[in-house]
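Read the structure below first, then the notes.
Numbering (this note's numbering), first residue to last: 1 to 403.
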């Protein structure tokens, strides 16, 4: 049994609690952590304040969806691996199913009214990503050193382009962070994150094994002859994105765009439409992968690809969480690790800033009215503090009226 042993009935309690959160947690990963604290620290008292802060610090250190990783870790502490899986499924399934259903019905939006609504969703993407860049830049690039790293990342993402430019920017940002950045004093105390070293080693080995082997599987004659190459390619693309997304949330956008639009799996318009719709969903933003998988093929095959994409984009973050748990205190105290993550986070801001221009701005802003609507959405998010789901309603309606 992994983790602390608990009675069997607690798995159902975990599932019910996280299902309610998955249905009602609007607002993105930072808001999710607020919901989690209210539910598990204040109301249910499953964790102390310091234990919860320790889990949040760990999950923000790792690549992957931070709020989903925190939920997975809470389930793990409460009822072992079955509890962790119950927490992840309950928190993820509502928005994943909703995004796959949206993909199935998106083709019906072919009329002029439907196209105006779709264009409005693209304007939502401009406002939301601009807000994300603004907020992340203030927190992750507060000095000249990290602002410089972000600028280097912008140039690499723009002039090299594609996956190579984005991954290169992350690697260069990490190196510059180790060289230039100063470590910060950690404020959280050592947490009680007990975990089996055997399971930790297994999770880390599986993480790297999948990262290395998935790109090679389509080359095997058996995979090619059985027609499994397409499914394996989807597994590889979404697993690689999940393994390399530092910062979670909106940072997934440019990496996914390079993986699914550049190879021609879908158009930029289809991609941005789904991203805009994802802003209206509760739960983790990574369920955008469910939409992307579903639009790749019609019918049952689309649902299969949606399931594959969803599982694979979340899997690396969960494997890393399990693998790093026993070593977290030592990593947190390492000044090299702190500088590396500062440089990586600054590079992520640059990558997202480059994505704000291409493809998001270029795909959505085609006339002055579009700019006005996108600016209005940005101000509603940043100044008036509207929740994202209200902006998702307002901008498509504005696009419909102005069109």
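Even glycine gets a Cβ: it sits at the ideal position worked out from N, Cα and C. No experiment lies behind these values; they were computed from the predicted model shown.
- If only uninterrupted alpha helix (DSSP H) runs of at least 4 residues are considered, those enclosed by the stretch 56-137 are 66-106.
- In terms of Cβ geometry, residue 40 and residue 52 form a close pair [threshold 8 Å].
- Between residue 218 and the set 207, 235, 149, 209, the nearest pair of CA atoms involves 235.
- Excluding its 5 nearest sequence neighbours in each direction, residue 268 has C-beta neighbours in its own chain below 6 Å: 261, 359, 363, listed in chain order.
- About 6 Å separates the Cβ atoms of residue 134 and residue 382, confirming a contact at the 8 Å cut-off.
- Annotation for residue 280: 389, 392 place their beta carbon closer than 6 Å to its own, counting only its chain and skipping 5 residues before and after.
- In chain order, 252, 255, 256, 259, 313 place their CB closer than 7 Å to the CB of residue 241, counting only its own chain and leaving out the 5 sequence neighbours on each side.
- Measuring C-alpha to C-alpha distances from residue 54 to each of 173, 74, 44 identifies 74 as the nearest.
- Its chain contains 156, 157 as the residues whose beta carbon lies nearer than 6 Å to that of residue 165, once the 5 sequence neighbours on both sides are disregarded; these appear in chain order.
- DSSP places residue 249 in no alpha helix (DSSP H); its state is neither H nor E.
- At a Cβ-Cβ threshold of 8 Å, residue 338 and residue 146 do not count as neighbours.
- Look at the stretch 357-402 and you find these whole runs of alpha helix (DSSP H), each 4 residues long or longer: 368-382, 388-402.
- Its Cα nearest to that of residue 378, the residue 127 stands out among 63, 56, 127, 71.
- Taking residue 96 as the centre and dropping the five residues before and after it, the same chain places the C-beta of 287, 290, 310 closer than 6 Å to its C-beta, in chain order.
- In the DSSP assignment, residue 316 falls within the unbroken alpha helix (DSSP H) covering 299-324.
- With contacts defined as CB atoms closer than 8 Å, residue 100 and residue 306 qualify as a contacting pair.
- Nearest to residue 82 by alpha-carbon distance, out of 14, 48, 24, 66, is 14.
- Of the other Cβ atoms in all chains shown, 16 or more fall within 10 Å of the Cβ of residue 177; this residue is therefore buried.
- With respect to the C-alpha of residue 153, the residue from 301, 43, 354, 142 having the closest C-alpha is 354.
- With fewer than 16 neighbouring CB atoms inside 10 Å of its own CB, residue 216 falls in the exposed class.
- Under the DSSP assignment, residue 328 falls in the alpha helix (DSSP H) whose first and last residues are 328-333.
- Just so you know, the alpha carbons of residue 275 and residue 125 end up roughly 7 Å apart.
- For residue 156, the enclosing alpha helix (DSSP H) begins and ends at 144-159.
- Per DSSP, reduced to three states, the secondary structure at residue 236 is helical.
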